[in-house]
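Number of protein chains: 2
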Amino acid sequence: MADELFKALADPTRRTILDELVDRNRQTLFEICARLSTKHGLAISRQGVSQHLAVLEAAGLVVSRREGRYKFHDIDTTPLGHIAERWASPDTRGSAP
Amino acid sequence: MADELFKALADPTRRTILDELVDRNRQTLFEICARLSTKHGLAISRQGVSQHLAVLEAAGLVVSRREGRYKFHDIDTTPLGHIAERWASPDTRGSAP
DNA sequence: TTGACAGGCAAGTCCATACTTGCCTAACGT
DNA sequence: ACGTTAGGCAAGTATGGACTTGCCTGTCAA
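In order, the protein sequence lines correspond to chains R and A. Heads up, the first sequence is in full-length UniProt numbering, so the first residue is 1 and it goes up one at a time. Heads up, the second sequence is in full-length UniProt numbering, so the first residue is 1 and it goes up one at a time.
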């Protein structure tokens with residue numbers, strides 16, 4: 001599970017997608033495509049974004065639900081909390097007095 | 001800079017190296033090689049580990065200093081703190097009361 | 001000084017993955 | 001019913017990066 005999380009965060013385009021979802025939640029694939037192109041100058045195909053979203057979902061960073069012909073995407077930041085935790089110094093991790 | 005940080009964390013072997021440095025700081029290249037092989041069953045060449053350490057250093061996650069013919073490596077976890085921060089929900093980021 | 005030890009440099013290989021193109025399904029509006 | 005819109009499912013390509021092998025530099029002990 002950690003594997004997919006870090007792999008998801010490794011790509012700059014995926015991190016930008018997360019940025020956009022923080023800025024505005026509940027976006028469709030086409031909305032994300034438009035914002036990547038307009039606000040970030042990323043000329044990426046719709047399929048590319050779709051695949052990125054799949055990776056983010058596999059990592060648990062994005063949850064999606066379908067409504068009619070739309071599929072809305074929401075960010076879930078909870079997995080990010082465990083990252084710094086993993087390599088926290090032992091005393092910060094709860095062994096010292 | 002964020003780019004190198006996430007790229008460094010993307011590889012499972014590099015994350016294991018960080019684990020080992022948390023367990024015991026100030027290790028040399030050969031020590032790390034030995035622990036990867038013994039404790040984790042990772043059959044990786046010395047060059048491989050050396051390249052991984054270079055990536056970790058570029059990301060600021062590892063600092064090294066040479067003493068005689070030894071080069072000791074220490075972990076630096078401060079870059080990890082900024083990760084969850086980046087995608088913190090706006091109210092957690094300091095706008096709400 | 002010679003040999004053993006710790007590490008660095010520079011190719012070369014090979015696999016994962018980011019990205020595209022093309023076609024296909026499903027839900028709306030008119 | 002038909003066209004449009006939102007999205008999915010494959011392929012195929014190609015660039016990055018993990019890993020190795022071979023050789024070279026520098027430090028210490030005998």
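Glycine included, each C-beta is placed from N, C-alpha and C at the ideal position. Since the structure is predicted, the reported quantities are computational estimates derived from the model, not experimental observations.
Could you compute how far the alpha carbon of residue i sits from the alpha carbon of residue j?
i	j	result
A:H52	A:D76	15 angstroms
R:L42	R:T16	10 angstroms
A:P12	A:M1	20 angstroms
R:T28	A:R69	57 angstroms
A:R65	A:R26	9 angstroms
R:R24	A:I32	44 angstroms
R:E57	R:H73	9 angstroms
R:G81	A:A84	6 angstroms
Which residues in the same chain as residue i place their Cβ atom closer than 8 angstroms to its Cβ, once the five residues preceding and following it in sequence are excluded?
i	result
A:G94	Model confidence at A:G94 stands at a pLDDT of 48, short of 50, so the residue's coordinates are unreliable; what they give is reported in the following sentence. Here the set comprises nothing.
A:L36	T13, T16, I17, E20, L42, I44, V49
R:R86	A2
A:K71	T28, L29, S64, R65
A:K39	E20
R:R46	L29, F30, C33
Locate the alpha helix (DSSP H) running through residue i, then write down its first and last residues.
i	result
A:D19	12-23
A:Y37	Checking the sequence, you will find Ser at residue 37 of chain A rather than Tyr. Segment 29-40, the alpha helix (DSSP H) holding A:S37.
R:S50	46-58
A:D86	The sequence given here has Arg at residue 86 of chain A, not Asp. Here the alpha helix (DSSP H) through A:R86 covers 78-86.
Output needed for residue i: all residues of its chain with C-beta closer than 6 angstroms, excluding positions within five of it in sequence on either side, in chain order.
i	result
R:V55	A8
Looking only at its chain, what residues have a beta carbon closer than 7 angstroms to the beta carbon of residue i, apart from the 5 residues adjacent to it on each side?
i	result
R:P79	L5, A59, G60, L61
A:V22	I75
Just reading off the beta strand (DSSP E) that residue i is part of, what are its end residues?
i	result
R:I75	70-75
A:R65	62-67
Within the chosen definition, does the stretch 55-65 of chain R reach the stretch 4-13 of chain R through at least 3 CB pairs nearer than 8 angstroms? yes
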